[in-house]
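Below: the structure, in C-alpha cells.
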Amino acid sequence: MRSFLNPLFALMLAAALAACSSTPTEDDSSATDDMSQQTDTSPVTPVEPSTPAKPDTSSIPLTADNFYNHPSNYDGTTDSRVIYFAFDSNTVPAAAFETLRAHATYLKNNANAKVRLEGHADERGTREYNVALSERRSKAVEKFLRVQGVSSSQIQIVSYGEEKPAAFGHSEMDWAKNRRVEINYTAGRP
Amino acid sequence: MKSEFWANKTGRIGLAVILMLSALTARAELLIRVTEGRVDAVPIAIVPFEGAQNAPEDVSQIVQADLHRSGQFKPLPAEDMLSRPRNESEVIYRDFRVLGVEYIITGSMKAQESGGYEVSYALFDVNRQVKLMSETYRPPVSQLRDVAHAISDRIYEQLTGIPGAFSTKILYVTHNRKAASPYQLQYADADGHRVITILRSKEPIMSPTWSPDGRKVAYVSFEDDGLPAIYTHDLATTSREKVSSFQGINGAPDWSPDGQKLALTLSRDGNPEIYMLDIATKQLTRLTQHYGIDTEPRWLPDGEHLVFTSSRSGGPQIYKLNINDKSVRRVSFQGAYNARPDVTPDGRYLVYVHRRNGNFNVGVQDLQRGTFNIVTRTDMDESPSVAPNGSMVIYGTQDRGTGVLEAVSIDGRVKVELPSKEGEVREPAWSPFL
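One line per chain: the protein sequences are X and S, in this order. Using the working numbering, the final residue of the first sequence is 221, and nothing's skipped along the way. Using the working numbering, the final residue of the second sequence is 1192, and nothing's skipped along the way.
Now the structure itself:
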C-alpha cells in the first residue's frame, strides 16, 4: 500500500498526520481480534437443540462473517478438530456444540485420552496481547468440555496468539480461519 | 526525498574472494533504504578515503551510509565533488562551500604489515574553515566495520551533541515457513550487516529482548513440545538457561535495568498477570492482581516502575506500576487500543502500538508535556523498540503482506526501511550501547 503512494502525497499525508496527531484520535472499536471487553461468562452450557435432524446447509453461503458458525466446519464427530470464533469473541459457536459434545463423550469414555487445546488469534494487534486473547478461547473450549464432565487432567492448554496462522493471507477470510482453537489429541487419539 | 542505496557494496570491483563472500552473505542481510529524510538534513561531503578501494571494507562508504541512514545528514555524491582532498593540506573550502556543503570528512586506509589497517580520518567545518577532530585507528581486518561505525558515532556526536548508535545491534525473529526450521532468532549490526543466527526452531520464537549489558538475550521459545518457556541466552558462550516454564503463558520477558530480574507474563494463577523473577534466586513475585489481561511489561529506567498493557478498563491500555507498593495508574487515554509499550532511555517518552481507524501505528507519548504523536502510517506496525541514544524507533510492519522492519525518528521526520530478502522479519529489539 505504502509503496503506491507517490512521495508528494506521502509528504502531504505526513503533514496532515502531524497536524492532527496531538488531538484526540477517534475511538474505534472495530478492528481488532479483541474480546477483552467481554466478561468470562460465555454461554458454554448449551441447551439441547430441539431439532435433531440435520438441516441441509449447502445453500448457506460461507462468508468471513459466518465462517466460525458455519455448519460445514463441524461434522458433529471427533473428526472435527478445529473450533472457529467470531471476530472479537471467545464465545464457543453453536454450530460446534455437537462436535464438542462428541469430543467430551470420547474423553469421558477413554480416561487415557488427553487433548491439547491450542488457542490462536488473527494477526491484528500486538503479539503478546494476542497470546493472552487466544488463551481465552482455549479456556472457553476447556470450560465447555469440563461442563460436559471431562476431567481437567485430560486437558492441556497452550496459547500461540498469532504465531501459528492456519491461513497466511491478510484478508477477512484468512483472519476468520485463524481465530480458532485446535483440538489435538496427545494420547488415546480417536 | 526518496533516495536509495545498497548497504553492501554491490558495485565495487575487488578481489574475487571478497565478491564471493559478499554474494554468500548478502542474501540474508537486511538492505537499508532511507525513504524519508529531513528537509533540513545537513549537507556533508565524505570524500572517498585514500586506499579504501583496495581494502576489504570501504570505511568511507560505511560512514557515509551510517550518516545517511540517520536521516539527519545528506551526503554529497562523490561524483559531484569539485576536489577530493586526502588530508587537511588539500582541503579547498571554497570547492565545498559553493555546493552548500557544511562539513567535510577526509581519510585514508593503509594496509599494515601485521595484516591490519591504519584508518585515519578528519572532520572539517566548511563555514568556519577549521578542523574539528581527527583520529587514527589500527584495527585487524575483522574489525574494519566496527571502526567505521565508531567513526560514525564520533562524528554524529560531534555534530549533533547526541551519542551515535551506529555501533549497536538489532535482535529480531525471522519466519520462513518453507524452511525446515521456520523460526529463527538472529541479530545483526544496526546497518543490517553481519547477521548471526542465535536459534533455529520448528516452533515459534517470540519477544526477544537484550540484557542491559548487551551480553545476553531473553526470549520466549515454544521449542519444547510446543509449550512456551522463557530462556536467557549468553551470546558469547551460547550457553542458555530455561528460567520460566510454568503452566499456561510464559511470555513478554523484559530485563530490569540492574540486570538481576526479569519482568514477565504468566497465567499460572488463571489469567495473565505480571510477575518479577529474580534470575539468580529464582524467586518469583506477583505484581498485578486483576481478572483482565495484564501483559507486555517494560521497565522504566528508575528500576522501580514498569509500564504494561492491561485490559482492566475494557480494551488494552498502557498502565504504570510501582513495583514496591504495586499501585497501578493508567497512562494512555487516546483511542481504544494502546499496547506493547517501550520507553526511551531518559524515561521521558513512551512508544507504543496505537490503533486508529482500524490501522495499527506507532505512537509516541511525551510524559512531560502530555502530548501524543503518531509517527508511522503503515497499517500493521508493531513491536516498537527505541535506540539506546533515544533518536530512532525500530518496529515491525508489513510490506505487500510480508513482515519487514522499519525505523523512524522519535519526531517522525526520518523514516528508514530495512527490507529482508527472504521470509518475514519481525519483533526487532535495539541493543543497548555495546
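All residues carry an ideal CB built from backbone N, CA and C; glycine is no exception.
Interface residue (Cβ-Cβ distance to chain X less than 8 Å): S:M1034 is not classified as such. The beta carbon of X:G180 sits no closer than 8 Å to any beta carbon of chain S.
For the stretch 1045-1072 of chain S, residues whose beta-carbon sits nearer than 8 Å to a beta-carbon of chain X comprise Y1049, G1050, I1051, T1053, E1054, T1067, S1069 and G1072.
In the structure shown, S:Q1126 adopts coil according to DSSP, grouped into three states. Scanning its chain for C-beta atoms nearer than 6 Å, with the 5 sequence neighbours on each side dropped, one finds around X:W206 the residues D153, in chain order. When Cβ pairs closer than 8 Å are counted between the two stretches, the stretch 1121-1130 of chain S is seen to touch the stretch 1079-1097 of chain S, the count reaching three or more. The three-state secondary structure of S:V899, taken from DSSP, is helix.
Contacts with chain X at 8 Å (Cβ-Cβ) do not include S:I913.
Along the stretch 1018-1032 of chain S, the positions whose C-beta sits under 7 Å from a C-beta of chain X are T1023, S1025 and P1030, read in chain order. Residue-level contact check: X:V113 does not touch chain S, since none of the beta carbons of chain S fall below 8 Å from its beta carbon. Scanning chain S for C-beta atoms nearer than 7 Å to the C-beta of X:S190 yields I1007, reported in chain order. Assigned with DSSP and collapsed to three states, X:F175 falls in helix. The DSSP-derived three-state label of X:S184 is helix. Classified as exposed, S:E846 has fewer than 16 neighbouring CB atoms from the shown chains inside 10 Å of its CB. By the C-beta density criterion, X:G180 is exposed, having fewer than 16 other C-beta atoms within 10 angstroms. Partner residues in the beta bridge of S:T955, as assigned by DSSP, are S:Q944.
The beta carbon of S:S1141 sits closer than 8 Å to some beta carbon of chain X. With contact defined as three or more Cβ pairs closer than 8 Å, the stretch 901-919 of chain S and the stretch 934-942 of chain S are not in contact.
Taking 9 Å as the cut-off between beta carbons, the residues of the stretch 156-170 of chain X near chain S are G156, T157, R158, E159, Y160, V162, A163, L164, E166, R167 and K170, in sequence order. Secondary structure note for S:D1036: its beta strand (DSSP E) is the uninterrupted segment E1031 to D1036. About 7 Å separates the beta carbon of X:Y137 from that of X:A144, a gap short enough to meet the 8 Å contact definition.
With respect to chain S, the C-beta atom of X:E203 has no partner C-beta closer than 8 Å.
A distance below 7 Å between beta-carbons, with the five flanking residues on each side excluded, links X:L93 to the following residues of its chain, in chain order: H101 and S103. Around the beta carbon of S:Y1095, a 10 Å sphere encloses 16 or more other beta carbons of the protein chains shown; the residue is thus reported as buried.
Note on the stretch 960-989 of chain S: whole beta strand (DSSP E) runs with a minimum of 3 residues are 963-968 and 974-982, in chain order.
Here S:I850 is exposed, its C-beta having fewer than 16 other C-beta atoms within 10 Å. In the DSSP assignment, S:R886 falls outside any alpha helix (DSSP H) and carries neither an H nor an E.
Comparing alpha-carbon positions, the option among S:D983, S:R1171, S:P1190 and S:R1158 lying closest to S:V1144 turns out to be S:P1190.
Per the coordinates, the alpha-carbon of S:M891 lies some 31 Å from the alpha-carbon of S:G1170. In terms of beta-carbon proximity, X:K195 lines the interface with chain S, with at least one pair separated by less than 8 Å. By the beta-carbon neighbour count (other beta carbons within 10 angstroms, threshold 16), S:Y1033 is buried. The criterion of a C-beta distance shorter than 8 Å is satisfied by S:I1076 and S:P1099. Only those residues of the stretch 957-985 of chain S whose C-beta falls short of 7 Å from the nearest C-beta of chain X are listed: P962, M964, S965, G984 and L985. Among the CB atoms of chain X, none fall inside 8 Å of the CB of S:A810. Taking CB atoms only, S:R852 has no neighbour in chain X less than 8 Å away.
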